[in-house]
Structure formats: structure tokens, C-alpha cells
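Chemist: Just passing along the structure, written as C-alpha cells.
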Amino acid sequence: MIDEKMSFPGYIAIIPVLGASLIIASNGNDLVVSKLLSVRPVVFFGLISYPLYLWHWPIYSFYRSIFAGSPDYHELILLLLSSFFLAILTYYLIEKPLRNARNKYITAILLALSVFGTGLIGAFIFHINGVKDREINKSAGEYASVTDVYNYYKYGELLRGGICHSVQLTAAISNGCIKNGKHNIFIIGDSYAAA
Numbered sequence: 012m013i014d015e016k017m018s019f020p021g022y023i024a025i026i027p028v029l030g031a032s033l034i035i036a037s038n039g040n041d042l043v044v045s046k047l048l049s050v051r052p053v054v055f056f057g058l059i060s061y062p063l064y065l066w067h068w069p070i071y072s073f074y075r076s077i078f079a080g081s082p083d084y085h086e087l088i089l090l091l092l093s094s095f096f097l098a099i100l101t102y103y104l105i106e107k108p109l110r111n112a113r114n115k116y117i118t119a120i121l122l123a124l125s126v127f128g129t130g131l132i133g134a135f136i137f138h139i140n141g142v143k144d145r146e147i148n149k150s151a152g153e154y155a156s157v158t159d160v161y162n163y164y165k166y167g168e169l170l171r172g173g174i175c176h177s178v179q180l181t182a183a184i185s186n187g188c189i190k191n192g193k194h195n196i197f198i199i200g201d202s203y204a205a206a
């Protein structure tokens, strides 16, 4: 299990990649893993996994945008259940009918209308200058007046300790990550910078 003490992404990422590679490479129907992966609930989860992947982040992002914060555990469960529900609907009402459609012309028209409709919604939201009463619109002046970004956004709480990667400066000095007489590089950024 990967936890906050491990450097991720990093060398530890090879474990899930290697595991998935071994399962794919085995390609044997007599293996226990093949039998486990062919159990109906697991197959069903595989069928809805892509719509679930597509739904989970917008739902989480909209929650954070509307309520201006991270969900607690109960809300997180509701968000996850909502993602599952929408993924199941997407699979049965969109993905499966489009895949099995006999008339590919209708499929192309439906996809084009979906893209066009999404574009219209985006253009409308842009035209009205965003979603009204959104938390970020209310507090734009507050954000503009921030002078101590590190403490305002509580970056210190986001850093992972115990390793030379993603640690606070005081911890880096005390645990020997920074050594005298050597060149040190500090990178501040998101997960791409950490990689």
C-alpha cells in the first residue's frame, strides 16, 4: 500500500505498473488471477471503469467549486456513489447503445450534437461571466490581496515529511537532505514538478 511516507510518483510507481504488466503478459485462462478478473462484479466494474473515470473528477471539482472546500468522509462517499450512478447510466444509456448501433450515421450525429451542445453550454457560461455566486467570484478581492501565499494556502500542511522530496525547509535541513558544500535544487510546483 502506498502511503504519505513514500515518494510518489517515483520508483514506487513501478509496483502497480509491473503488476498490471504481469497480468496482461500472463494471458492465461487457467490462472487464479484470470478467474478472479472474470467474476461478474469485477467484469461489471471493468465495464463502467471508463465512465467512472470520466465522472469522478468533475463531480469532485464541482463540489469544491460550489462549497469552497474539501468534502468530509460522508460527503466523499456520496460523491463516489454519485460517480458510480452516473457511470452506470453513461454505460447503459450512451456507451453501450453507441457501440452497438447499427446505423453509424446516427451515432456520428449524436456524437456531433453532444460536442456542439457542450460547446454551447461553455459559451453560455463564458458569456454570463461564469457561474453566478460562485465562491471564487465572491472572494476574488480577497485572493488579490494575499501577500503571504505560503501561509495563506497552508503549503506547509501539504508537504510530505520524512523524505528529501516534498519537505519543508526546516525538515530538509534537520534530516540531512541539504548538505553544506553541495549544490541543492529546490523545485516548487505540482505533481509534474514532483515527478
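Count the sequence shown with the numbering used here and you get residues 12 to 206, in order. For each residue, glycine too, the CB sits at the ideal point set by N, CA and C.
Whole-angstrom Cβ separation of residue 67 and residue 94, contact assumed at under 8 Å?
Modeler: Counting from 1 along the sequence shown, the entry for residue 67 is found at position 56. Counting from 1 along the sequence shown, the entry for residue 94 is found at position 83. At roughly 4 Å, the Cβ-Cβ gap stays under 8 Å, so residue 67 and residue 94 are in contact.
Chemist: Thinking C-alpha only, which one of 89, 79, 87 and 106 is nearest residue 61?
Modeler: In the sequence shown, the residue the question calls residue 61 occupies position 50. Selected option, being the one with the closest Cα: 106.
Chemist: For residue 70 and residue 100, which I take to be in contact (beta-carbon distance under 8 Å), what is that distance rounded to the nearest angstrom?
Modeler: The residue labelled residue 70 in the question sits at position 59 within the sequence shown. The residue labelled residue 100 in the question sits at position 89 within the sequence shown. Contact doesn't hold; Cβ gap of about 13 Å is too wide.
Chemist: Any idea what DSSP makes of residue 34, helix, strand or coil?
Modeler: To locate residue 34, count along the sequence shown from 1; it is residue 23. In this structure, residue 34 counts as helix in the three-state DSSP scheme.
Chemist: Per DSSP, what kind of secondary structure is residue 16 in: helix, strand or coil?
Modeler: Along the sequence shown, one-based indexing puts residue 16 at 5. DSSP places residue 16 in coil when its eight states are reduced to three.
Chemist: Please classify residue 161 as buried or exposed, where buried requires at least 16 other C-beta atoms within 10 Å of its C-beta.
Modeler: Taking the sequence shown and counting its residues from 1, one reaches residue 161 at position 150. Residue 161 is exposed by the Cβ-count criterion.
Chemist: For residue 87, which of helix, strand or coil comes out of DSSP?
Modeler: The count along the sequence shown starts at 1 and reaches residue 87 at position 76. If DSSP states are grouped into helix, strand and coil, residue 87 belongs with the helices.
Chemist: Can you check which of these residues, 79, 32 and 59, is closest to residue 97 by C-alpha distance?
Modeler: Counting from one through the sequence shown, the residue named residue 97 turns up at place 86. If we check each option's Cα against that of residue 97, 59 comes out closest.
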